[in-house]
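So the structure is just underneath, and the comments pick up after that.
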Amino acid sequence: MINSEIFYLFSIISVGYIFGNIKIKGFSLDITAMLIVALIAGHYGMVISDSFKFFGLAIFIYAVGLQSGPGFFESIKKDGVRLNFLAVTLVCMIFFSIFAVGKYLGLSVTVIDGIFTGSLTSVPSLAAALEIKDDPVMSVMFGLVYPFGIVATVLYIRLLPILFRVDLSKELEKYEKKQRAKYPDILTKNFKITNENFKNDFAYKIQIENMTGTIIERIEFSDKNYSNIDEDNPILHYGDVVRASGTERELSKLRLILGEEVAETHEFQDDMGVYRLLVSSKEIVGKKIATIGQLKALRAVITKVRRSGIDITPHPSLTLRLGDKLYVVAPREYEDKVKHIIGDDLLKYPAADFLPVALGIVIGIFIGSIPVGLPIIGDVKLSFVGGILLTALILGRKGRTGAIVWQLSPHSTSMLKTLGQLIFVATIGTNAGKYLVQSIATNGFMPIYIGIFGLIFSLTFMAFLCRFVFKMNFLNILGLLSGAMTSTPTLSMSNNITKSDIPSIAYAAVYPTSLVLALLLAQLGVKLF
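Numbering of the sequence shown is given in numbering that gives the first Met the number 0, commencing with residue 0 and proceeding in unit increments.
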């Protein structure tokens with residue numbers, strides 16, 4: 000068993016993981032250490048078969064797509080079109096600059112494609128290219144350029160704010176100010192109905208909510224007999240006191256309709272409590288608020304949804320996601336029942352339901368195998384990688400289909416992604432290691448120089464374009480550059496130097512598009528050149 004592939008695989012993962020987590024002045028090799036160990040192992044004959052490669056790749060890509068799905072489609076609706084256009088431009092620049100230099104120097108297509116995928120540190124792109132032409136030289140070039148590509152881009156991202164003379168703390172302040180204007184905070188205020196029009200008339204709660212966009216959480220009736228008329232859609236009368244949540248603008252509309260604002264310290268004479276709960280129940284993940292009948296039956300009202308640090312008004316059509324923080328008003332006697340429905344504990348979420356994972360990957364492989372005819376190029380497939388990624392993005396956005404919940408807990412998604420990446424990198428590393436010494440002897444270090452040139456030239460041009468032409472915030476620029484290169488180490492560096500996770504937003508917005516484009520370009524490079 001010592002000479003078995005299983006032994007090789009987990010030995011490489013163990014040793015690579017140990018070395019990858021060693022930090023020197025805050026810097027670690029991370030996944031690069033795994034690749035280096037695998038290359039050495041492959042050189043000495045410890046090779047792992049391709050079946051492991053595709054298994055690891057399948058679960059890695061599926062987890063990435065599932066995680067990126069919701070953010071990807073939302074970003075497209077907002078700033079995503081511009082961000083993705085810039086990301087596409089950057090990936091194309093890297094591709095054409097590397098291929099132009101490579102062709103000028105007379106390098107073979109497989110060598111150039113290996114340099115391209117290695118400079119982007121894009122494992123899926125390499126896999127897509129290998130599907131078209133299974134040449135081990137491509138993997139060797141990838142393995143040769145990959146570590147230097149990571150180091151070069153991480154260091155360059157670190158130096159970029161200095162080169163552009165940018166104060167990142169001021170950029171953070173500007174970003175937060177802009178976000179507050181775009182996504183106003185959800186406030187809670189009390190109002191007493193003193194509008195003279197209510198003396199001779201009344202209005203339904205839902206009618207007022209639709210007019211103002213607010214959510215009326217609690218009502219203290221001036222006449223106790225009113226409270227028994229209609230619990231689902233009570234009637235508001237003169238003298239009633241209400242508590243409502245909404246943006247400053249929405250609450251101003253409500254004040255004009257109802258009358259005077261009452262002090263926040265007003266104590267409502269009812270049995271209602273206010274709870275902050277975390278969405279972790281499989282029963283409501285992926286469902287629209289309007290469809291959760293259990294909460295309505297308990298007279299529980301969701302007054303605010305906080306997602307990724309942003310307050311969202313809980314409209315009936317809003318789909319709940321795993322990890323959303325809900326602000327709920329409900330009778331105190333039903334507190335335990337409300338918590339049971341919502342969950343309020345991510346640790347209680349099912350660790351992993353493998354039916355959605357297996358089914359999603361099967362659908363993805365099927366979609367990836369469907370050829371699409373394009374002019375000049377001919378038939379192009381999304382491939383094994385692209386099919387799974389596209390499927391995972393759609394399913395991650397959808398959340399659930401009937402009883403099948405596609406979304407996994409953050410822990411399960413992270414575990415699948417890490418495991419898949421480790422297995423894939425270990426496998427391609429051992430296969431590339433067989434030819435590493437021979438490749439360096441044949442090509443020297445020229446592939447490394449070509450890859451770094453293509454990266455630095457393209458990154459500098461794109462950073463200049465984003466900053467001085469599109470006037471983008473530098474935090475978004477760092478996230479855009481990291482996402483376009485599909486580089487997790489670069490994103491980590493961006494988050495570290497900005498002392499925030501804001502670059503992650505732009506990263507998530509462009510990562511799927513960039514990944515699909517990179518794998519298509521990798522395939523086209525082998526076909527066209």
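No residue lacks a Cβ here, since even glycine has one placed at the ideal position from N, Cα and C.
Whose C-beta lies closer than 8 angstroms to the C-beta of residue i among residues of the same chain, with five residues either side of it excluded?
i            : result
arginine 157 : Met492 and Ile496
glycine 272  : Val328, Ala329, Pro330, Arg331 and Glu334
glycine 245  : Ile185, Leu186, Thr211, Gly212, Thr213, Ile214, Leu253 and Thr312
aspartate 49 : Thr426 and Asn430
alanine 262  : Asn189
Run through DSSP, which three-state label would residue i get?
i                 : result
tyrosine 203      : strand
asparagine 494    : helix
serine 499        : coil
valine 165        : coil
aspartate 133     : coil
asparagine 2      : coil
methionine 461    : helix
aspartate 184     : coil
arginine 275      : strand
arginine 466      : helix
phenylalanine 456 : helix
valine 46         : coil
glutamate 175     : helix
leucine 415       : helix
lysine 198        : helix
serine 316        : coil
phenylalanine 267 : coil
valine 404        : strand
When burial is assigned at 16 or more other CB atoms within 10 Å of the CB, is residue i buried or exposed?
i              : result
asparagine 494 : buried
methionine 471 : buried
aspartate 323  : buried
serine 499     : buried
glutamine 420  : buried
glutamate 219  : buried
glutamine 437  : exposed
glutamate 130  : buried
proline 233    : buried
proline 355    : buried
threonine 120  : buried
leucine 104    : exposed
threonine 302  : buried
threonine 116  : buried
valine 371     : exposed
Is the separation between the beta-carbon of residue i and that of residue j shorter than 8 angstroms?
i              : j                : result
alanine 289    : serine 316       : yes
leucine 321    : serine 408       : yes
glutamate 259  : leucine 186      : no
isoleucine 58  : serine 457       : no
isoleucine 60  : alanine 425      : no
proline 511    : leucine 358      : no
methionine 45  : tyrosine 16      : no
arginine 242   : arginine 217     : yes
threonine 429  : alanine 151      : no
serine 67      : glycine 450      : no
alanine 462    : phenylalanine 98 : no
isoleucine 215 : lysine 204       : yes
proline 135    : lysine 433       : yes
isoleucine 256 : isoleucine 207   : yes
alanine 299    : valine 240       : no
leucine 319    : valine 361       : no
serine 513     : threonine 489    : no
leucine 159    : isoleucine 192   : no
valine 468     : glycine 398      : no
leucine 435    : leucine 38       : yes
glycine 524    : serine 96        : no
leucine 464    : alanine 62       : no
Identify, in the order they occur along the chain, each residue of the same chain with its Cβ nearer than 7 angstroms to the Cβ of residue i, setting aside the five sequence neighbours on each side.
i              : result
leucine 518    : Pro123, Ser124, Ala127, Ser382, Val384 and Gly385
isoleucine 504 : Gly478
leucine 516    : Val87 and Val90
lysine 173     : Asn472
glycine 79     : Ala508
aspartate 343  : Leu276, Leu277 and Ser279
tyrosine 506   : Gly478, Ser481, Gly482 and Leu490
Can you find the residues in the same chain that come closer than 6 angstroms, C-beta to C-beta, to residue i, ignoring five residues on each side of it along the sequence?
i             : result
threonine 211 : Glu249, Lys252 and Leu253
glycine 55    : Gly419, Ile422 and Phe423
arginine 305  : Lys324
serine 138    : Ile427, Asn430 and Ala431
Please confirm if residue i has its CB atom under 8 angstroms from at least one CB of chain C.
i            : result
arginine 248 : Of the chains in the structure shown, none is chain C; there is only one protein chain.
Is the segment 386 to 403 in contact with the segment 33 to 42, if contact means three or more CB pairs nearer than 8 angstroms?
-> no
Can we say the segment 438 to 456 touches the segment 107 to 116, given the rule of at least three CB pairs closer than 8 angstroms?
-> yes
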